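What follows is a single structure, written as structure tokens, with notes after it.
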Amino acid sequence: MKRKARFDELETMVKAAELYYISGLNQGEIAKILGVSRQKAFRLIKKARELGLVEIKIRRPAEADQALAQKIKEKYSLEDVVVARVYSEVPENVVKAIAQAGADYIKGKLVPYISVGVAYGRTLYEVIRYLPRLELPGVKVVQMMGAYGGVKWKTLAIELLKSLADKLGGEAIYLFAPAFAGNSAIREAFLKEVGVRETLRMAEEVDVALVGIGGIRSETSLLIETGDLEEEEIRELTEKGAVGGICGNFFDIRGCLLDVSFNARRISVRLERLKEGNRKVIAIAGGKEKKEAILGALRGQWITTLVTDEATGRWLLEH
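Its first residue numbered 1, the sequence shown is counted upward by one per residue in full-length UniProt numbering.
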């Protein structure tokens, strides 16, 4: 028991040092992620240096979650799995921990002259915050879904795309359309625009898609929180057994895409097209509120890589 406590203490020290020296976060931000006080965060960083855990690079004790990641990878036939250690059960802190792990993962997967698809979401917003500047020539960053809700959300969607393109040193390709048109006729009018049609084509042909996985409640789905779906449409999702969605494509616990009425006004990539093209779809999602949504995405084989937290990972192994 003492050995485990000692190992956990070392892990926490190393995490604090990584966040400070590699991610460049301040002690207040580190304290929030680890769920400790600022003073505790300072002491962890200081002790990490004293114990020789910090040199030119940070030395991490054996990664306890690699075995768990491998089991999930094998069970769900994924290309890759990353399991982030989470030091606090507060949802915001879980998101930040997963986002940091996601940023660390994707920075090693992105190369010059590729296309990267992205849609707006809370977790992806955090991922881009942690991502360092890579300056990759010839990269295109493509918006995969129209903008959400009102002016605030539309602005944030544009800022997210621009921020990612800036960090990669690439070009941002915007989808100038709403996530959901007022009705099917308006959607068809948008799709007749060459710019919209061409951006959607590019989005469905990206080399790598970075996605979140949303639930069907406002606290787990930014799409629903922004009010783009009517009350009767949300009820329809519940009645048809929806557990989650990716870029507005909703599915049930088996991973089957749902034929819902608002599909007729959705302006986004189609998951089946991404699958047909064997695209790399990296999902960064976790937290107990999203477990079933992630499970549905895995069963439907809508993603190729998963970045999640330890508790969610263990739950996925049991289902």
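Cβ coordinates follow ideal geometry from the N, Cα and C atoms, glycine included.
None of these values were measured; they are calculated from a predicted model.
Practice item. State yes or no: is the beta carbon of Leu-257 nearer than 8 Å to at least one beta carbon in chain C? Key: The structure shown contains no chain C, having only a single protein chain.
Review point. In whole angstroms, what separates the C-alpha of Arg-59 from that of Leu-51?
Key: Low confidence applies to Arg-59: its pLDDT is 37, below 50, so where it sits in the model is not reliable enough to give any reading.
Check your understanding: If you follow the beta strand (DSSP E) that Ala-31 is part of, which residue opens it and which one closes it?
Key -> Note, Ala-31: premise wrong, no beta strand (DSSP E); alpha helix (DSSP H) at 27–34.
Review point. Comparing alpha-carbon positions, which option in Ile-114, Glu-292, Met-13 lies nearest Ala-46?
Key: Residue 46 is actually Lys in this sequence, not Ala. Lys-46 has its Cα closest to that of Met-13, out of Ile-114, Glu-292, Met-13.
Check your understanding: How would you call Phe-180, buried or exposed, if buried means at least 16 neighbouring beta carbons within 10 angstroms?
Key -> buried
Practice item. Can you tell me which of Ala-48, Gly-28, Glu-9 puts its alpha carbon nearest to the alpha carbon of Glu-18? Key: Ala-48
Review point. DSSP three-state call for Phe-176: helix, strand or coil?
Key: Three-state result, Phe-176: coil.
Practice item. Report buried or exposed for Arg-279, applying the criterion of at least 16 other Cβ atoms within 10 angstroms of its Cβ. Key: buried
Exercise for review: Within 10 angstroms of the Cβ of Gly-182, are there 16 or more other Cβ atoms? Answer buried if so, exposed if not.
Suggested key: exposed
Review point. Among Ile-253, Cys-247, Ile-246, which residue has its Cα nearest to the Cα of Lys-240?
Key: Considering only Ile-253, Cys-247, Ile-246, the residue with the shortest C-alpha distance to Lys-240 is Ile-253.
Review point. Looking at the unbroken beta strand (DSSP E) that takes in Leu-210, where does it start and where does it end?
Key: 208–211
**Study point:** The alpha helix (DSSP H) enclosing Leu-68, as first and last residue numbers
**Key:** 66–75
Point to revise | Local conformation of Glu-171 per DSSP, three classes | key: strand
Point to revise | Sufficient close CB pairs (3 or more, under 8 Å) joining the region 129–141 to the region 227–235 | key: no
Review point. Can you give the Cα-Cα distance for Tyr-125 and Ala-119, rounded to whole angstroms?
Key: 10 Å
Exercise for review: Could you work out which residue in Gly-212, Ala-285, Gly-277 is closest to Asn-249 when comparing CA atoms only?
Suggested key: Gly-212
Practice item. Could you check which residue in Ala-84, Gly-35, Lys-75 has the C-alpha nearest to that of His-319? Key: Nearest C-alpha to His-319: Lys-75.
**Study point:** Minimum C-alpha distance to Val-196 - residue among Pro-178, Gly-255, Gln-27
**Key:** Pro-178
Practice item. Report the rounded CA-to-CA distance for Val-269 versus Val-194, giving the unit in angstroms. Key: Taking the straight line joining both Cα atoms gives about 16 Å.
Practice item. Decide if the region 81–91 is in contact with the region 301–313; the criterion is three or more beta carbon pairs, one per stretch, under 8 Å apart. Key: yes
Practice item. Check whether the Cβ atoms of Ala-97 and Ile-33 lie closer than 8 Å to each other. Key: yes
Review point. Looking at the unbroken beta strand (DSSP E) that takes in Asp-252, where does it start and where does it end?
Key: 249–252
Check your understanding: Tyr-113: buried (16+ other C-beta within 10 angstroms of its C-beta) or exposed?
Key -> exposed
Review point. Taking the C-alpha atoms as reference points, what is the distance between Arg-187 and Tyr-21?
Key: 48 Å
Review point. When burial is assigned at 16 or more other CB atoms within 10 Å of the CB, is Lys-192 buried or exposed?
Key: exposed
Check your understanding: At what residues does the alpha helix (DSSP H) containing Gln-39 begin and finish?
Key -> 38–50
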